[in-house]
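Presented below is the structure to which this report refers.
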Amino acid sequence: GAAGLIPEVGRRKYNESGKQSPERSESFLNEFELRLLNMFGLGRRPTPSKHAVVPQYMVDLYHMHSANGDHSTKRPKSMGKHAERAASKANTIRSFHHEESMEALASLKSKTTQQFYFNLTSIPKEELITSAELRIYRDQVIGPAPPKNSLHRINIYEIFGVPIGSNSTEPLVRLLDTRLVQDSLSRWESFDVSPAVSEWTSGNGQNHGFMVEVLHPEPTEKDAGHSRRRNGHVRVSRSLHQDQDSWPQARPLLVTYGHDGRGDSVLHTRGKRQ
Amino acid sequence: AAVRKQRRKHQPKASCKRHTLYVDFSDVQWNEWIVAPPGYHAYYCHGECPFPLPDHLNATNHAIVQTLVNSVNSNIPRACCVPTELSPISLLYLDEYEKVILKNYQDMVVEGCGCR
Numbered sequence: 017g018a019a020g021l022i023p024e025v026g027r028r029k030y031n032e033s034g035k036q037s038p039e040r041s042e043s044f045l046n047e048f049e050l051r052l053l054n055m056f057g058l059g060r061r062p063t064p065s066k067h068a069v070v071p072q073y074m075v076d077l078y079h080m081h082s083a084n085g086d087h088s089t090k091r092p093k094s095m096g097k098h099a100e101r102a103a104s105k106a107n108t109i110r111s112f113h114h115e116e117s118m119e120a121l122a123s124l125k126s127k128t129t130q131q132f133y134f135n136l137t138s139i140p141k142e143e144l145i146t147s148a149e150l151r152i153y154r155d156q157v158i159g160p161a162p163p164k165n166s167l168h169r170i171n172i173y174e175i176f177g178v179p180i181g182s183n184s185t186e187p188l189v190r191l192l193d194t195r196l197v198q199d200s201l202s203r204w205e206s207f208d209v210s211p212a213v214s215e216w217t218s219g220n221g222q223n224h225g226f227m228v229e230v231l232h233p234e235p236t237e238k239d240a241g242h243s244r245r246r247n248g249h250v251r252v253s254r255s256l257h258q259d260q261d262s263w264p265q266a267r268p269l270l271v272t273y274g275h276d277g278r279g280d281s282v283l284h285t286r287g288k289r290q
Numbered sequence: 213a214a215v216r217k218q219r220r221k222h223q224p225k226a227s228c229k230r231h232t233l234y235v236d237f238s239d240v241q242w243n244e245w246i247v248a249p250p251g252y253h254a255y256y257c258h259g260e261c262p263f264p265l266p267d268h269l270n271a272t273n274h275a276i277v278q279t280l281v282n283s284v285n286s287n288i289p290r291a292c293c294v295p296t297e298l299s300p301i302s303l304l305y306l307d308e309y310e311k312v313i314l315k316n317y318q319d320m321v322v323e324g325c326g327c328r
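Printed below as a string of structure tokens:
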């Protein structure tokens with residue numbers, strides 16, 4: 017592929033046109049190249065590797081906006097209400113996977129906690145993040161009939177870092193969202209993490225990441241092995257699940273909704289205008 | 213060919229209007245990082261702004277006056293055929309950090325042309 021956004025053919029034709037001296041034409045082309053990069057809000061031409069993963073949720077959001085004006089039919093089922101409202105005002109929707117090297121997984125009998133750090137430094141300063149959702153996938157629990165009260169609670173915390181001078185290694189946290197879930201369903205859960213992400217991206221708070229806490233009902237003796245499976249059904253870590261192939265599409269996803277002050281929202285498209 | 217050229221010379225040039233233009237992102241090698249759409253209908257404006265300007269050419273008062281002056285003094289150019297209405301499109305793409313972004317870009321599709 018071309019080094020920049022201007023196709024090699026176009027670059028060559030312009031250089032050979034003789035309209036400018038070679039130096040001038042090169043500087044004109046470089047200026048135009050910067051103009052194109054600025055139009056797309058890019059620092060340089062993207063060169064994605066073959067392993068780049070496009071989350072299905074982002075493809076669903078794309079199709080949702082390209083529906084002819086009637087978004088309700090195309091709205092992804094697992095889209096949080098707060099996210100739908102945010103999407104109607106945002107002109108930029110970004111998705112992030114967490115840095116696996118910075119995970120901190122702790123799995124006890126009745127509780128699993130996982131710390132996630134998402135690198136948000138690629139969000140331009142001029143982009144105001146109005147909302148953000150943390151999406152976590154839950155597999156249906158397979159196996160002997162789960163106990164009747166097979167409910168789990170999933171808590172999402174913002175991490176503030178370990179208090180200075182204290183002996184404990186437990187970080188200071190703030191609860192952002194919580195949900196009681198039935199483990200007999202496979203589905204995405206969307207949690208509203210807007211307060212934390214808006215602070216981190218506006219420079220008013222330090223991004224120490226999130227902590228996800230999954231509380232399982234007290235396991236009885238007979239389903240001890242079962243509780244190991246139940247821990248793994250909330251996809252918070254690659255290691256908690258045998259099926260590694262599905263991890264790239266089932267791993268946690270942070271989605272931010274923002275506006276850079278240029279143009280309409282993503283959901284305000286020609287279709288809607290017509 | 214000479215006859216065709218002669219005939220074309222006397223043929224009135226088409227007046228200002230919107231023409232189809234499909235931008236295929238693989239033609240400009242952007243398909244490596246733009247996930248969707250594979251291209252889009254951008255359209256473009258082309259054609260004459262003749263004197264006297266007909267109403268449907270969506271001209272401003274200034275363009276009407278400028279084209280009137282052109283009819284007496286050809287040093288003053290006629291009005292230009294330009295987009296008068298544009299609409300946005302959204303692109304799903306991978307940025308330079310391989311993050312997936314859905315972004316709305318304004319003024320990417322010509323909805324209407326006119327003489328300005």
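So the sequences go chain by chain: U and C. Residue numbering for the first sequence is 17 to 290, as defined by my numbering. Residue numbering for the second sequence is 213 to 328, as defined by my numbering. We put the beta carbon where it would ideally sit given N, CA and C, even for glycine.
Query: Let's test the definition: count the other Cβ atoms within 10 Å of the Cβ of residue 44 (chain U) and tell me whether it reaches 16, buried, or not, exposed.; Result: exposed
Query: Mind checking who residue 172 (chain U) pairs with in its DSSP beta bridge?; Result: U:193, U:228
Query: Spatial neighbours of residue 289 (chain C) within its chain, please: C-beta separation below 7 Å, excluding the five flanking residues on both sides.; Result: 282
Query: According to the Cβ coordinates, are residue 282 (chain U) and residue 227 (chain U) closer than 9 Å?; Result: no
Query: Evaluate the contact criterion for the stretch 102-121 of chain U versus the stretch 265-277 of chain U: three or more CB pairs, one atom per stretch, below 8 Å.; Result: yes
Query: Quick one: grab the DSSP three-state call for residue 313 (chain C).; Result: strand
Query: Quick check on DSSP: helix, strand or coil for residue 30 (chain U)?; Result: helix
Query: Just how far apart, CA to CA, sit residue 155 (chain U) and residue 209 (chain U)?; Result: 22 Å
Query: For residue 252 (chain C), which residues does DSSP report across the bridge?; Result: C:235
Query: In three-state terms, what does DSSP make of residue 296 (chain C)?; Result: strand
Query: Please classify residue 130 (chain U) as buried or exposed, where buried requires at least 16 other C-beta atoms within 10 Å of its C-beta.; Result: buried
Query: Could you compute how far the alpha carbon of residue 285 (chain C) sits from the alpha carbon of residue 277 (chain C)?; Result: 12 Å
Query: Along the beta strand (DSSP E) that carries residue 128 (chain U), what are the first and last residues, could you check?; Result: 127-132
Query: Measuring from the CB of residue 254 (chain C), is there a heavy atom of the ligand NAD at a distance below 8 Å?; Result: The ligand content of the structure shown is nil, which means the ligand NAD is not present either.
Query: Report yes or no: is there a C-beta of chain U within less than 9 Å of the C-beta of residue 233 (chain C)?; Result: no
Query: With DSSP as the reference, please indicate the residues paired to residue 267 (chain U) in a beta bridge.; Result: Per DSSP, none; premise fails for residue 267 (chain U).
Query: Could you tell me whether the stretch 63-79 of chain U touches the stretch 266-280 of chain C, where touching means 3 or more Cβ pairs closer than 8 Å?; Result: no
Query: Touching or not, the stretch 98-108 of chain U and the stretch 131-146 of chain U, by the rule of three or more beta carbon pairs under 8 Å?; Result: yes
Query: Hey, out of U:151, U:280, U:187, whose CA is closest to residue 7 (chain U)'s CA?; Result: A query on residue 7 (chain U) cannot be resolved here, the shown segment of chain U reaching from 17 to 290 and no further.
Query: Buried or exposed for residue 147 (chain U), going by 16 or more other Cβ atoms inside 10 Å?; Result: buried
Query: Given a threshold of 16 other Cβ atoms within 10 Å of its Cβ, counted over all protein chains shown, does residue 277 (chain U) qualify as buried or as exposed?; Result: exposed
Query: Out of C:241, C:216, C:214, C:253, which has the shortest C-alpha to C-alpha gap to residue 233 (chain C)?; Result: C:253
Query: Quick one: what's residue 198 (chain U) bridged to in DSSP?; Result: U:167
Query: Can you find a CB in chain U that lies within less than 9 Å of the CB of residue 215 (chain C)?; Result: no
Query: Give me whichever residues DSSP pairs with residue 272 (chain U) in a beta bridge.; Result: U:110, U:148
Query: Mind checking the stretch 281-314 of chain C against chain U and listing, in chain order, the residues whose C-beta falls within less than 9 Å of any C-beta there?; Result: 299, 300, 301, 302, 303, 304, 305, 306, 307, 308, 309, 310, 311, 312, 313, 314
Query: Residues bridged to residue 73 (chain U) by DSSP?; Result: For residue 73 (chain U), which the question treats as bridged, DSSP gives no partner whatsoever.
Query: Have a look at the DSSP bridge pairing and note the partners of residue 203 (chain U).; Result: U:154
Query: Return the CA-CA distance between residue 204 (chain U) and residue 228 (chain C), expressed in angstroms with no decimal places.; Result: 52 Å
Query: Use the C-beta contact count for residue 315 (chain C): other C-beta atoms within 10 angstroms, 16 or more gives buried, fewer gives exposed.; Result: buried
Query: Is any beta-carbon of chain C found at less than 9 Å from that of residue 65 (chain U)?; Result: yes
Query: Mapping the DSSP letters down to three states, classify residue 122 (chain U) as helix, strand or coil.; Result: strand
Query: For residue 307 (chain C) versus residue 57 (chain U), is the C-beta distance shorter than 9 Å?; Result: yes
Query: Could you say which of C:301, C:263, C:310, C:262 lies nearest to residue 235 (chain C) if we only look at CA atoms?; Result: C:301
Query: Determine, using beta carbons only, whether residue 256 (chain C) and residue 216 (chain C) come nearer to each other than 9 Å.; Result: no
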